[in-house]
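Student:
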RNA sequence: UGGGGAUUCGCCAAGCGGUAAGGCAUCACGUUUUGGUCGUGACAUUCACAGGUUCGAAUCCUGUAUCCCCAUCCA
């Protein structure tokens, strides 16, 4: 079904296919220093999801290398989150701290092979020595320490003989690396701190870059999936595993873009601030984007998972619209939960011509939800409806009750307003109405047409409930801080009235309050005496949207103007080459320019040119194809020579092969280093230009695709490419495209 | 300013030289005892921009622009 796979799954499939790994092992490696949020859910969904899809397994590993920030309460929250989302980790929960001894041994190994040293510079000096992004760093004088001295020092660091910060263990890599992460990264620091699991055993703790890759390796992880900000760390990941010369297979790191959602924040720091400053009630405040928050709010794990699936996995930073999440929870709950009636803002209605008391049977689910179940609805002369469902002066298009317009009480009778009772302020406090005895739901013979059916509750049996209405926590789409908080993110309604069955029968914990939204019995504060419901999400409301004037005025052709920077001027050599290519060899500006500015490319070009005098075609293939290879490899690594390129071009010049075939042959050459003429021979790639051979193929394709022929004749010129492509495919790429093109055009006219 | 990434509809996102997928949002219409759901239809002649290569480019080449990440003894 899902035909397009994300890039991670594609990599996994490839690795399985090539036999790089027998079993796929992933891991979800949070640091237990905060509550997991929906961004973690994305990571969980990816890591556990991939493991599940490819019959592997996923480890839950607490990355607990920093004793000063981590705590066991977060470990529990993390475990809860994974379970709640429906995943099971392999065997036990892993901890990086489980590997502290092995990690220490690996560090000793690194020292022994001269790839790590104990540095005794202080923090400021280390920073200073590191240099900046534009200036190279300089190595500490302590890097010269002997292996023995390093070993001795490191052991004493471990034993706790030194103060915090007195020494660190660093990898010996390259202080002039353009990637700052490679400037002798720190591997261990001294911390006389109590670790929540390891206790006081250790005085040194490993850094992320050292611990993470090795923990992955120890666990046999194959695909170490993390977020984009670790792209720069990947080289260290590789460096550590490679210089330790570990027994293969080893894991590789891949990065994806972390999740952002508008109108909320996702950083642990900002989330922690909201909790600590008591802006929210806690980590599980239903307005928080934490797993605990969504859970308390009433979101289902299915909806969160479905959301994660919908948004996809890619490498571009992005901000997902909350409406996508809201869609997922509505979509899930629509099929699942019972519909009940709750009046949020009650307005009393006295039905003057009704003196009876009856119980009306009402189904819990609408006709389009295939679930059974119903309850009794008491009905009497005193009921409540929502204030919004009556209007003395209705706006146009208003479907509900007005002095002139009757309305149906859902599952019950049609009601006509007779009188409005107002208080001294002129506010309506009660409606006197009449019901139509022959209009009862299911046996309506009144013939009265109403525009809508509204929810209601019977006055004596209705239960008072507390409603907590949540709105987005921030008023800004990309909030920076507290100043962007939405002051109305929580509205508490104390006097809402609900039909009795909800409280007495408790058919579920989640409900749709008809025409209002989905609600969830608060798992903490709900008391039988004072039932509390959280609003999960409102129903989609196309009426209130319609009332408001359209918010966005068309941002008419704001075609952004782009200022192009200037190309650096050529030096004398380059200029001379450019002139020669342009004037003598008649290359076009672009090609001459590229060649002139690239010394490697131009000498390659000239070498080929010395064998074959075909300046244009050689230039094209050098600039477009050879240049690509040179992006990944050094010139010495190329499997093909300039002479071979000349031979390839010769075949193009002879029209033995088309440029399309030439590209394929080039691919082959760069992989195998095989002679181009041999490749062409071996694969029989000589192009077919004879119309009598091509025509039958064209006619066959035309006959097979009458729809597209029709479309083409209707003016869809793009289909020409479709037909040419099909013919080329059919002939294994050998048909002469120019000839095909002309013939197809002719045949279709 | 050095290095590493990214750029396809309002928001996500497929696409890997041969007809610009899909979802959310939006807008119509239809069904509806929820202004819900559901159904139908509309919504990128164009892929950040400019050149080049090619019969054919979102896809290959060159350059430019914009955004993100890296100079914690955090992860």
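Numbering (our numbering), first residue to last: 101 to 849. Don't be surprised by glycine CBs; every beta carbon is placed ideally from N, CA and C.
To the nearest angstrom, how far is the alpha carbon of residue 682 from that of residue 695?
Tutor: Taking the straight line joining both Cα atoms gives about 10 angstroms.
Student: Taking a contact to mean a Cβ-Cβ separation below 7 angstroms, would you say residue 126 touches residue 147 in this structure?
Tutor: Taking C-beta atoms as the reference points, residue 126 and residue 147 count as a pair closer than 7 angstroms.
Student: Can you find the residues in the same chain that come closer than 6 angstroms, C-beta to C-beta, to residue 231, ignoring five residues on each side of it along the sequence?
Tutor: 237
Student: Residue 501 bridges to which residues according to DSSP?
Tutor: 490
Student: Can you give, in chain order, each stretch of the alpha helix (DSSP H) that sits fully within the region 218-259 and has at least 4 residues?
Tutor: For the region 218-259, whole alpha helix (DSSP H) runs of length 4 or above, ordered along the chain, are 223-230, 247-259.
Student: Quick one, which of 719, 634, 107 has its alpha-carbon nearest residue 385's?
Tutor: Distances from the alpha-carbon of residue 385 to those of 719, 634, 107 put 634 closest.
Student: Could you give the DSSP three-state label for residue 532: helix, strand or coil?
Tutor: Three-state DSSP puts residue 532 in a strand.
Student: By a C-beta neighbour count over all protein chains shown, 10 Å radius and 16 as the cutoff for buried, is residue 240 buried or exposed?
Tutor: Counting Cβ neighbours within 10 Å, residue 240 comes out buried, since at least 16 surround it.
Student: Please tell me whether residue 511 and residue 460 are closer than 7 angstroms, where the distance is taken between their beta carbons.
Tutor: Cβ atoms of residue 511 and residue 460: closer than 7 angstroms.
Student: Measuring CB to CB, does residue 270 end up less than 7 angstroms from residue 219?
Tutor: yes
Student: Using 10 angstroms around the beta-carbon of residue 189, count the other beta-carbons present and answer buried if the total reaches 16, otherwise exposed.
Tutor: Burial call: buried.
Student: Closest to residue 603 by CA distance: which of 294, 565, 253 is it?
Tutor: Residue 603 has its Cα closest to that of 565, out of 294, 565, 253.
Student: Buried or exposed for residue 328, please, with buried defined as at least 16 other CB atoms from any protein chain shown within 10 angstroms of its CB.
Tutor: By the neighbour-count criterion, in which 16 or more other beta carbons inside 10 Å mark a residue as buried, residue 328 falls on the exposed side.
Student: So, with DSSP's three-state summary, where would you put residue 294?
Tutor: Three-state DSSP puts residue 294 in coil, outside helix and strand.
Student: Which residue's Cα is closest to the Cα of residue 353: 375, 365, 317?
Tutor: Comparing Cα positions, the closest option is 317.
Student: Take the Cβ of residue 107 as the centre, count every other Cβ of all protein chains shown within 10 Å, and call the residue buried at 16 or more, exposed below.
Tutor: exposed
Student: Would residue 438 pass as a contact of residue 597 if the rule is Cβ separation under 7 angstroms?
Tutor: no
Student: What are the start and end residues of the beta strand (DSSP E) that includes residue 70?
Tutor: Nothing can be reported for residue 70: it is not among the residues displayed for the chain, which extend from 101 to 849.
Student: How far does the alpha helix (DSSP H) with residue 316 in it extend, from its first residue to its last?
Tutor: 308-318
Student: What do you get for residue 500, buried or exposed, if any count of 16 or more other CB atoms within 10 angstroms of its CB means buried?
Tutor: Label assigned to residue 500: buried.
Student: Put residue 147 into one of helix, strand or coil per three-state DSSP.
Tutor: helix
Student: Do residue 768 and residue 752 have their C-beta atoms within less than 7 angstroms of each other?
Tutor: no
Student: Pair every Cβ in the region 474-493 with every Cβ in the region 397-414, then say whether three or more of these pairs are closer than 8 angstroms.
Tutor: no
Student: Would you identify the three-state DSSP class for residue 746, choosing helix, strand or coil?
Tutor: If DSSP states are grouped into helix, strand and coil, residue 746 belongs with the helices.
Student: Quick one: residues in its chain with C-beta nearer than 7 angstroms to the C-beta of residue 233, no 5 flanking neighbours on either side, listed in chain order?
Tutor: 280
Student: Mind checking which residues open and close the beta strand (DSSP E) that includes residue 720?
Tutor: Note, residue 720: premise wrong, no beta strand (DSSP E); alpha helix (DSSP H) at 715-721.
Student: Between which two residues does the alpha helix (DSSP H) carrying residue 448 extend?
Tutor: Note, residue 448: premise wrong, no alpha helix (DSSP H); beta strand (DSSP E) at 446-451.
Student: Entirely within the region 398-481 and at least 4 residues each: give me those alpha helix (DSSP H) ranges in chain order.
Tutor: Taken in chain order, the complete alpha helix (DSSP H) segments of 4 residues or longer contained in the region 398-481 are 401-411, 422-436.
Student: Residues in its own chain within less than 8 angstroms of residue 490 by CB, not counting five upstream and five downstream?
Tutor: 447, 500, 501, 502, 517, 528, 531
Student: When you compare each of 391, 114, 141, 422 to residue 323 by their alpha carbons, which one comes out closest?
Tutor: 114
Student: In terms of residues, what are the limits of the beta strand (DSSP E) holding residue 157?
Tutor: 157-162
Student: Per DSSP, which one or two residues make a beta bridge with residue 394?
Tutor: DSSP output for residue 394 lists no bridge partner at all.
Student: Does the contact criterion of 3 or more C-beta pairs under 8 angstroms hold for the region 691-710 versus the region 724-739?
Tutor: Yes, since at least three Cβ pairs between the region 691-710 and the region 724-739 fall closer than 8 angstroms, the two stretches touch.
Student: Quick check: what's the CA-CA separation for residue 569 versus residue 592?
Tutor: 6 angstroms
Student: Identify the continuous beta strand (DSSP E) that holds residue 369 and give its terminal residues.
Tutor: Taken as a continuous stretch (DSSP letters only), residue 369 belongs to no beta strand (DSSP E), being part of the alpha helix (DSSP H) at 368-376.
Student: In three-state DSSP terms, what is residue 184?
Tutor: Helix.
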